[in-house]
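Numbering (my numbering), first residue to last: 310 to 578.
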C-alpha cells in the first residue's frame, strides 16, 4: 500500500476508504459469504473450484487481498490485482443442478459477477451502517464509488445508488435458493476452524452478520432470527476491544495514507 505514484481509484475522504478501513468489515465479510451462498451458480463455483473447506483462511486471504489492494492501493497495483482475479475466474466453469436441469455456469459470467458484487456491497454497507462511523457522502456515495471496483473485474452496470442496489438484489429473487449445498456451506461458515479460544468471539460476529440479513434471505438459508437489538451492543463492545488492540483503522489504510502524504510532499498530486 505504501508504494505507487497516485492516490488510487478512491483515496482519502472516499466512502470506500471509510467503510473498508474500519473494523465492521469483519462482520461484513461473514455476511458476504452467507449472501454468496444463496446463488447456486456462485456456490457451485466455490464448492467445485475453491479450497474453502481445506484451506478456509487461505481462500479468505485471497479475497481480502483483492479488497484491500483495490481500495487502498495505487491504480497500477489495483489493476494487477484485478487481472489476477479475472485470470482465476476464467478457469472457474462447471454445471449445477436446478429445476431446469443441468445448468452451466462460469465465474466470468456477468450475471454471477454482478451477484457477487451486490452481495459484497450490500454486506459491507449494512454492517457499517450498524457498527461503523459516518460515510463521506452517505450510503449512496459508497455504492456509487465502489461500483468502480465491480467494473474493474468485469461487472456490467453495477448499482450506483442504494435504491439500485436493492433493486438489483431483488431481481435475483427467483434464482436464489437454500438447499443441501448451501446448508453445508452455511454450516462451515458458522463453524470456521478458529482456535477454541476465538470461537465465542467468532460466534458473536456470525450472529451479528445474520442479524443484518433480510428476513427472506435468512429464511432461505434456514438461519434463526437474531434480533439486532441483542447483537448491536455486544458486537459494539467486541469491536471496541479489538480496536484497542489493533487500532481504529486498518494497517493497509495507514500505509496508503503514508503513500498519499509522501506524494503530496513531493507535489505529485
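Ideal Cβ positions, reconstructed from N, Cα and C, are used throughout, including at glycine.
- Taking every protein chain shown into account, the CB of residue 505 has fewer than 16 other CB atoms within 10 angstroms, so this residue is exposed.
- Per DSSP, the unbroken beta strand (DSSP E) holding residue 413 starts and ends at 410 to 415.
- Out of 521, 352, 430, 542, the CA that lies nearest to the CA of residue 534 is found in 521.
- Under the DSSP assignment, residue 403 falls in the beta strand (DSSP E) whose first and last residues are 402 to 407.
- Look at residue 460 here: in three-state DSSP terms it is helix.
- In this structure, the alpha-carbon of residue 570 lies about 43 Å from that of residue 480.
- In this structure, the alpha-carbon of residue 438 lies about 24 Å from that of residue 529.
- Taken atom to atom, the span from the alpha-carbon of residue 366 to that of residue 498 is near 11 Å.
- Between residue 381 and residue 565, the C-beta gap is smaller than 8 Å, which places the two residues in contact.
- When only Cα atoms are considered, residue 511 and residue 430 end up about 21 Å apart.
- By the neighbour-count criterion, in which a residue is buried when 16 or more other Cβ atoms sit within 10 angstroms of its Cβ, residue 346 is buried.
- Residue ranges of uninterrupted beta strand (DSSP E) with 3 or more members are absent from the stretch 415 to 449; none lies entirely inside it.
- In its chain, beyond the 5 residues on either side, 422, 423, 426 have a beta carbon closer than 6 Å to the beta carbon of residue 464.
- In this model, residue 324 and residue 410 are separated by some 42 Å (Cα to Cα).
- Here residue 314 is exposed. Its C-beta has fewer than 16 other C-beta atoms within 10 Å.
- Here residue 532 carries a coil assignment [DSSP, helix/strand/coil].
- In this structure the stretch 468 to 475 touches the stretch 439 to 456; the number of beta carbon pairs closer than 8 Å is three or more.
- The DSSP-derived three-state label of residue 522 is coil.
- By alpha-carbon distance to residue 516, the top candidate from 343, 361, 384, 319 is 343.
- DSSP places residue 559 in the coil class of the three-state scheme, outside both helix and strand.
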